[in-house]
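Undergrad: Protein chains in written order, with the numbering used here: chain A, 141 to 471; chain B, 922 to 1265; chain C, 2 to 330. Built from N, CA and C at the ideal position, the CB exists for glycine as well. A quick note: this is a predicted structure, and the numbers were derived from the prediction, not measured.
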Amino acid sequence: MRRPIQATVTTEVATGTVAAGKGKTTTGGWRFYLGFFMKDKPAFGGLIIVAVFVIWGALEGLMQLLSLWFPHGRLFGHPYSWALIPSNPFVLNFSPSYKLQPPSLAHFPSFLFGTNVDGQSILARLMYATPHDLAAPIVVVGSALLIGMFLGTAAGYFGGWTDEVIMRLTDAFLALPALILAIAVGVLLGGGFTSVLVALMIVWWPTYARFFRAQALTIRERGYVESSKLSGSSSLKILIKHIIPNSIDPIIAYVTLDFGTVILFLAALAFIGVGLSLYPEWGSESNFGLDYFPTFWWWSIVPGIIIGVVVIGFTLVGDRLQDLISGRMTY
Amino acid sequence: MVSSIVLYLIRRSINAVITIVLLLALVFILLHTIIRSPEGLARVICGNPHCSNSAIALIIKQNGLTNPLWVQFFSYINQVFHGNLGIDTFYRGRPELSVIEAFLPITLELVVTGSALGILIGIFTGSIAASNRNRAQDYGIKAVYLTAWSAPVFLVGFVLQLIFAYWLKLLPAHGIANAFLTPPKVLTGAPLIDALIDGKWVYAYSVAQHLVLPAFALAVASFGITTRLTRASMIDALDRDYVKLAYMKGLSKRTVVWGTAFRNAVIPIITLIALTFAFSVGGAVIIEDVFSYYGMGYFTVQAIYNSDYPAILAFVLIIGLAVIIANLVADLLYAVADPRVRLT
Amino acid sequence: MADSDDSDIVDIEGLTITYRTVYGNLVSLNSVDFKVKRGESVSIVGESGSGKSTLGLAIVRLLAPNASYSSGRIMLDGHDVTKLSNRQVSLLRGTTAFMIFQDPLNTLNPVKRVDVQMLEAIRSRLKQEGQPFNEESAYKEAVDRLNDVRMPDADSIITRYPHQLSGGQIQRVVIAMGLLMRPKLMIADEPTSALDVTVQAQVLELLRDLQRNYQMSIIFITHDINVAHSISERMVVMYAGEVIEASPTESLVKNGLHPYSQALIASIPTISKSEGKLTAIAGSPPDMISPPNGCRFHPRCPHVMQVCTVQSPRTTVKDGSEVRCFLYG
C-alpha cells in the first residue's frame, strides 16, 4: 500500500520551448498555484475536499481539547466535544426507531448516514473521529520526513560505511509490508491511538530515507556543493544549505499523496482491531458493521466511502502537484 | 554471458541474506524492547495469563531467557536457519509450523492470484493511457485508477460483496470452498492447486468461485499503483528518440507502442512485482477478514484480538521471507529483460 | 506515390504549430513558409526554442502529444502531412522522409540488438514495396550499409547491443538504417552536437558524401553556423518560431541581411578573426507564450525603428535572399 516516490521517472514534453518562455511567465506564488489548480477541475475538487477535511478536523480537535480542559463547559447546551456535531456520538438508544436505521432525512442531519446497532448516528461518530485522521498523517509524515531527511542525507552525503549500514537497515524495513510491520508494532505496544501512531512512525521513514539519499547523491555531484566545500564550509552547513532546500520541491507532492496513504493505513489498522479504544475510528466503525452486513450495509459502507473521499482529495491534489513538479505540465 | 547473470544473482542473494538477518534482528529487538524482563517474555511464550510460576521458570530455563541478549539472538537465528522460523518457541500448544503450513499456502494462492490479476490489468490500462495521452481514454483510465488507489481495501471488498454476492447472487461472499464438499488430499496446501492435482473438479470449481471476489478486491488495490507506474514509465519510453526512430522506419503505431516502447517500459515495472506482492499481503489481512477467507490474514486478525504476540511475530517473519523471495524473483526477471544488466 | 521530379520535396506554407502548456498556449511556429528542392541540402539555423526542431518533427508528424497543427499545410513529396491518416503517414515515414535525432544515447532501442533493429527497417520497407522478405539477403544488405557509412568492423558491430557502442558508432548505425529505408529526404536534427569534434567532422563528411551518392535532399537542423556552412547549399534562419531569412549559404555568411543573421555570424569564433572580439547577441530569447509585438526580434535589434514595435515585417526578396525585416522594405 506504500506508493513509491515517483521522482525517478521524468518526462520531457516540449520542456525546451517552455523553458524559453519562462522569462516573463510567473511560475510561483500562491496565485499561480491556485490558478494551476483551478484549471484542472478534479484537482480543484480535491483541494476543496482536503480543505473541508482539514478545517473540520482542526475545529473538532480544538473542541475536544476544550472539552478535556473544561469538562463542565457548555456550548449550545452541549459539552464542547460534540457541540458542533448533530447528536451525541456516544449516547445509546435501543428503541427500534433509532436502532440500525438506514440513511434518511429523519432527525436531520443525524440519520443522514444511518445509525448503528446502539442507535448512534453514524454521521456524528464519523465527524467526532475526524481529528485522529487529521493528526495521524501530520505526525507520521512529519516524523518520517525528519528521520528520513537525517538518515538519508547522512547516507548519501557521507557514503561508505555510513551509507551501507543505513541502507541495509532501510532495505530490511522495506522488505516487510508496511501494514504487517505496523500491525506487529502496534499490537506489541499495547494498542491505543498513541501506539498506532508510534507503529506508523516506525514503518514510515524508510521511503523518505531512500528519497533523501538519492537527492543527496545527485546534489553532492553538483558544482556549487563542491565550491562551497572548497571555500571551507562545514559538511553540516553544506547539507543544510543545499541538499535540504533542493529536496523540497519533489517531496511536496509525495507528502500530499502520503497523507492519504497514512489515512488508509490508520483505517486499515482500526479495521482489523489494532489500537482500538472507546474513541471512534473511521476504520473500526466499518469493521463493527461487518456482522450486520449486508442487511445493514450502510454501517460498513458509509465509513469506507468517507475514507475514500478524503483520500481521493489528497490523491488528486498530490497528483496535480506531481505533474507540476516533474514537468508534465501540459494539461 | 551466463556467468554474469549468475554473478548478479549471487550478489542479490547475498543482499537478501543480509536483509533476512536484519529482519530477524528487527523482530527480535521489537520483542525485547517491548518486553524487558525474562518473566514477561516467558509469559508471552506461555501465552496464558494465568501461567503458573513453575511453568514460567521452566520456560525461562528451556529458552535461555536469562542469557545475554546477543546469545539469545544467535540461538534465535540458529533456530530460524534450521527451519524452525522461531515458531516452536512462539507457537504454544500446537504442533510447530503446522499452523503456518496450513494457512500460508491459502494466503499465497489468494495474494498471487490477486496481485497477478491487478498487475496484468494495470500494465494493460497504463499502456493504453500512455499511448493515448491527454485523450478521453487517458482521462477515463485516470479516473478509475485514482479511485481504485484511494479506496480503502475493505470498502472494495464490501462493495464487491454487495454487488456480486448479495445483489446479483453470482458468487459466494464467504469462505474458501463449499463446506459440504469433501476437500482434496493436502499436497501443497493451496486449495485450488490441490483440488486440480487431485482431480476433484467440483471442489476446484467451488474454490475458484470463492477465490474470484477476494482476489479481485486485492487486484483493485494493485491495479491502481501498476496503472500509474506503467503510464509514467510508458510515457517516458514513448518520448524517447528510439520510439521516434521506430516510427521513422515506417512501423505502425501498434507495432511501435507494443514492440518498442512497451518492451522498454516494462523493465521498471518488473521491480513493481515485488512491491505489489508485498502490499497485497498487507491487503490480504483485511480482505481475508471481510471474506472470512481462512488464511494467514484471518489467523493474524484472530491473534490481534487475542493479543497473541508470538503468532503475530511469526507471521511478520514469514511474510518478510516471502517478500524477500519475491524480490529475488523480480531481480531474476529484471536480469532477463534488460541486456544492460545481463551484460555488465 | 512520387510526383513529377521538378516539384519540391518539401513545401510548407503558413504553418502554425501550438503547444498547450500550463503557462498558456505556446506558438512554436508562426506562419512559417519553407521549401526544399529535390537533391538540395538546406540548413535550419537558430537558437534553442526558435522552433527549428519542431519544424523538423512537424514534417514527419512526430510532434509531442500537446502540440497541434493550427493552420497551414506541409506538402511532403506531394502529400499534405497534416491531413493524412496515421496509416498513410506511416507509409511516408522512412521511405520518403527519414529523421535522425540528436542524442545518440537514446536513439537506438536499448533492449534490442543492432541487427534486429536494422532488419526491422528492411522488413518494413519491403512490406511497403510489397516485396518478400529474405533474412539472409536482408542481413547482407544491413552489413553493406554499415560499410557504406564507413563503420569499421561492421560484422561484429551488428551483433551488439546499443549500450556497447560509442556515440559516433550509434549515429552511423542510425544513418545506415536511414539508408536502408532509401529515403528521398533525410532530416538530421543536430546529429553531431553530442559527438566529439573529430567524430563530428567524420559524420558531417559522411552525410555530405551520402547526399551526393544517393541523391537525397537533406534538412540539417543546427545551432552551429559553422556546421551549417560546411554542409548546406542554402540556409534558413529561424527566430522565435518565424523564418526571418532564407539565403544561399555563401551569401548569408558573407553578407547576411537580417540583423539577427548578422549578429549570429558575428558571434562565430573563427581562426581568421581570432584576435577580434566575439560579439554576443544582446538581450535574451523572447517569451514564446506572449511574444513581443511587431517584429519579434525588435527588443534585441540594434537597428530597431518605430515601425518594428507595432507591425510584423513581410517577406521581401533581395539579391536571391528572402528576408523579413523593415530595413529592406
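For the segment 1099-1107 of chain B against the segment 423-434 of chain A, do three or more pairs of beta-carbon atoms, one drawn from each stretch, fall closer than 8 Å, so that the two count as touching?
TA: no
Undergrad: In its own chain, which residues sit with a C-beta less than 6 Å from the C-beta of C:Ile219, not counting the 5 before and 5 after it?
TA: Here residue 219 of chain C corresponds to residue number 218 of the third sequence, with the count starting at 1. Taken in chain order, the residues that qualify are Ser42, Met187 and Gln212.
Undergrad: Take C:Ala65 as the anchor and find which of C:Gly73, C:Ser54, C:Ser72 and C:Leu180 has the nearest alpha-carbon.
TA: Counting from 1 along the third sequence, the entry for residue 65 of chain C is found at position 64. Of the candidates C:Gly73, C:Ser54, C:Ser72 and C:Leu180, the one whose C-alpha sits nearest the C-alpha of C:Ala65 is C:Ser54.
Undergrad: Sort out for me which residues DSSP pairs C:Asn26 with in a bridge.
TA: For the purposes of this step, residue 26 of chain C is taken as the residue at position 25 of the third sequence. In DSSP, C:Asn26 forms a bridge with C:Arg21.
Undergrad: Can you check the segment 133-188 of chain C for any alpha helix (DSSP H) of at least 4 residues that lies completely inside it and give the ranges in chain order?
TA: 136-149, 155-158 and 168-182
Undergrad: What does DSSP give as the partner residue(s) for C:Val318 in the beta ladder?
TA: Position 317 of the third sequence, counted from the start, is the residue given in the question as residue 318 of chain C. Paired residues: C:Glu323.
Undergrad: Between B:Ala1199 and chain A, is any beta-carbon pair separated by less than 7 Å?
TA: Numbered from its first residue, the second sequence carries residue 1199 of chain B at position 278. So, interface residue.
Undergrad: Between the segment 95-114 of chain C and chain B, which residues of the former have CB atoms less than 7 Å from a CB of the latter, in chain order?
TA: Gly95, Thr96, Phe99, Met100, Phe102, Asp104, Asn107, Thr108, Leu109, Asn110, Pro111 and Val112
Undergrad: Whole angstroms are fine: how far does the CA of C:Gly73 sit from the CA of C:Ser322?
TA: Taking the first residue of the third sequence as position 1, residue 322 of chain C is located at position 321. Taking the first residue of the third sequence as position 1, residue 73 of chain C is located at position 72. In this model, C:Ser322 and C:Gly73 are separated by some 23 Å (Cα to Cα).
Undergrad: If we cut at 7 Å on Cβ distances, does B:Gly1171 have a partner in chain D?
TA: The structure shown contains no chain D; its protein chains are A, B and C.
Undergrad: Whose C-alpha, out of C:Ile176, C:Arg183 and C:His224, is nearest the C-alpha of C:Val204?
TA: Here residue 204 of chain C corresponds to residue number 203 of the third sequence, with the count starting at 1. The residue with the shortest Cα to Cα distance from C:Val204 is C:Ile176.
Undergrad: Compare the C-beta of B:Ala1247 against all C-beta atoms of chain A and say whether one is closer than 7 Å.
TA: The count along the second sequence starts at 1 and reaches residue 1247 of chain B at position 326. No, B:Ala1247 lies away from the interface with chain A (no Cβ there is under 7 Å from its Cβ).
Undergrad: Measure the CB-CB distance between B:Tyr1124 and B:Pro1105 and report whether it falls below 7 Å.
TA: In the second sequence, counting from the first residue as 1, residue 1124 of chain B sits at position 203. In the second sequence, counting from the first residue as 1, residue 1105 of chain B sits at position 184. Cβ distance < 7 Å, so B:Tyr1124 and B:Pro1105 count as in contact.
Undergrad: How is C:Ile45 classed by DSSP in three states: helix, strand or coil?
TA: Along the third sequence, read from residue 1 onward, the residue named residue 45 of chain C stands at position 44. Looking at C:Ile45 - three-state DSSP - the assignment turns out to be strand.
Undergrad: Identify, in the order they occur along the chain, each residue of the same chain with its Cβ nearer than 7 Å to the Cβ of A:Asp311, setting aside the five sequence neighbours on each side.
TA: What you label residue 311 of chain A is simply residue 171 of the first sequence in a count that begins at 1. If we look at A:Asp311 and ignore the five residues flanking it on each side, it has no Cβ neighbours.
Undergrad: Please list the terminal residues of the continuous alpha helix (DSSP H) segment that includes B:Ala1195.
TA: Here residue 1195 of chain B corresponds to residue number 274 of the second sequence, with the count starting at 1. Per DSSP, B:Ala1195 belongs to the alpha helix (DSSP H) from Phe1183 to Val1211.
Undergrad: So if DSSP puts C:Arg74 in a beta bridge, which residue, or which two residues, is it bridged to?
TA: Within the third sequence, residue 74 of chain C is the residue found at index 73, counting from 1. Answer is C:Glu14, bridged to C:Arg74.
Undergrad: What does C:Asp210 pair with, by DSSP beta-bridge criteria?
TA: Residue 210 of chain C sits at position 209 when you count from the first residue of the third sequence. Among the bridge pairs identified by DSSP, C:Asp210 is matched with none.
Undergrad: Would you kindly work out how many angstroms separate the C-alpha atoms of B:Asp1210 and C:Gly52, rounded to a whole number?
TA: As a working note, residue 1210 of chain B is residue 289 in the second sequence. As a working note, residue 52 of chain C is residue 51 in the third sequence. Rounded to whole angstroms, B:Asp1210 to C:Gly52 spans 59 Å at the Cα level.
Undergrad: Note down, in chain order, each residue of its chain lying with its Cβ closer than 6 Å to the Cβ of C:Gly257, except the 5 sequence neighbours on either side.
TA: Numbered from 1 along the third sequence, position 256 holds the residue referred to as residue 257 of chain C. Taken in chain order, the residues that qualify are Gln263 and Ile266.
Undergrad: Kindly provide the ranges of any beta strand (DSSP E) runs that are 3 or more residues long and lie completely inside the segment 220-273 of chain A, ordered along the chain.
TA: none
Undergrad: When we look at the beta-carbon of A:Leu232 and count the other beta-carbons within 10 Å, is it buried (16 or more) or exposed?
TA: Position 92 of the first sequence, counting from 1, holds the residue named residue 232 of chain A. Exposed.
Undergrad: Can you check whether the CB of C:Asp116 is closer than 7 Å to the CB of B:Asp1162?
TA: To locate residue 1162 of chain B, count along the second sequence from 1; it is residue 241. To locate residue 116 of chain C, count along the third sequence from 1; it is residue 115. Their beta carbons are not under 7 Å apart, which means B:Asp1162 does not touch C:Asp116 by this criterion.
Undergrad: Spatial neighbours of B:Arg933 within its chain, please: C-beta separation below 7 Å, excluding the five flanking residues on both sides.
TA: The residue labelled residue 933 of chain B in the question sits at position 12 within the second sequence. Cβ neighbours of B:Arg933 beyond the five flanking positions: Leu1249 and Asp1252.
Undergrad: Checking contacts by CB at 7 Å: is A:Pro346 closer than that to chain B?
TA: Here residue 346 of chain A corresponds to residue number 206 of the first sequence, with the count starting at 1. No, no contact with chain B.
Undergrad: Give the range of the alpha helix (DSSP H) segment to which C:Ser262 is assigned.
TA: Sequence index remark: in the third sequence, residue 262 of chain C carries index 261 (1-based). Pro260 to Ala267 is the span of the alpha helix (DSSP H), which, as asked, contains C:Ser262.
Undergrad: I'd like to check one pair, B:Ala1182 with B:Val1202: are the Cβ atoms closer than 7 Å?
TA: On the second sequence, position 281 is the one that residue 1202 of chain B refers to. On the second sequence, position 261 is the one that residue 1182 of chain B refers to. Contact flag unset, no.
Undergrad: Closer than 7 Å, Cβ to Cβ, to anything on chain C: give me those residues from the segment 1201-1222 of chain B, in chain order.
TA: Of all residues in the segment 1201-1222 of chain B, none has a Cβ within less than 7 Å of some Cβ in chain C.
Undergrad: According to DSSP, is B:Glu1017 part of a helix, a strand, or is it coil?
TA: Numbered from its first residue, the second sequence carries residue 1017 of chain B at position 96. Note on B:Glu1017: pLDDT 44, under 50, position unreliable in the model; no value is reported.
Undergrad: Looking at C-alpha atoms only, which residue of C:Asp145, C:Asn110 and C:Ile290 is the closest neighbour of C:Leu331?
TA: Outside the shown range of chain C, which is 2 to 330, sits residue 331 of chain C, and nothing can be said about it.
Undergrad: Helix, strand or coil for B:Ile935, going by three-state DSSP, please let me know.
TA: The sequence position of residue 935 of chain B within the second sequence is 14, counting from 1. Looking at B:Ile935 - three-state DSSP - the assignment turns out to be helix.
Undergrad: Let me know if A:Gln355 comes out buried or exposed under the rule of 16 or more other beta-carbons within 10 Å of its beta-carbon.
TA: The count along the first sequence starts at 1 and reaches residue 355 of chain A at position 215. A:Gln355 comes out buried.
Undergrad: In three-state DSSP terms, what is C:Ile101?
TA: Here residue 101 of chain C refers to the residue found at position 100 when the third sequence is read from its first residue. In this structure, C:Ile101 counts as strand in the three-state DSSP scheme.
Undergrad: Answer yes or no: do C:Val46 and C:Ala229 have a C-beta to C-beta separation smaller than 7 Å?
TA: Locating residue 46 of chain C in the third sequence gives position 45, counting from the first residue. Locating residue 229 of chain C in the third sequence gives position 228, counting from the first residue. Yes; because the gap between Cβ atoms is below 7 Å, this pair is in contact.
Undergrad: Report the rounded CA-to-CA distance for C:Ser291 versus A:Gly448, giving the unit in angstroms.
TA: Translated into the one-based positions of the third sequence, residue 291 of chain C becomes position 290. Translated into the one-based positions of the first sequence, residue 448 of chain A becomes position 308. Going by the C-alpha atoms only, they are around 42 Å apart.
Undergrad: Under 8 Å, with one C-beta from each stretch per pair, do the segment 126-141 of chain C and the segment 73-88 of chain C reach the 3-pair mark?
TA: The segment 126-141 of chain C makes no contact with the segment 73-88 of chain C; the number of CB pairs closer than 8 Å stays below 3.
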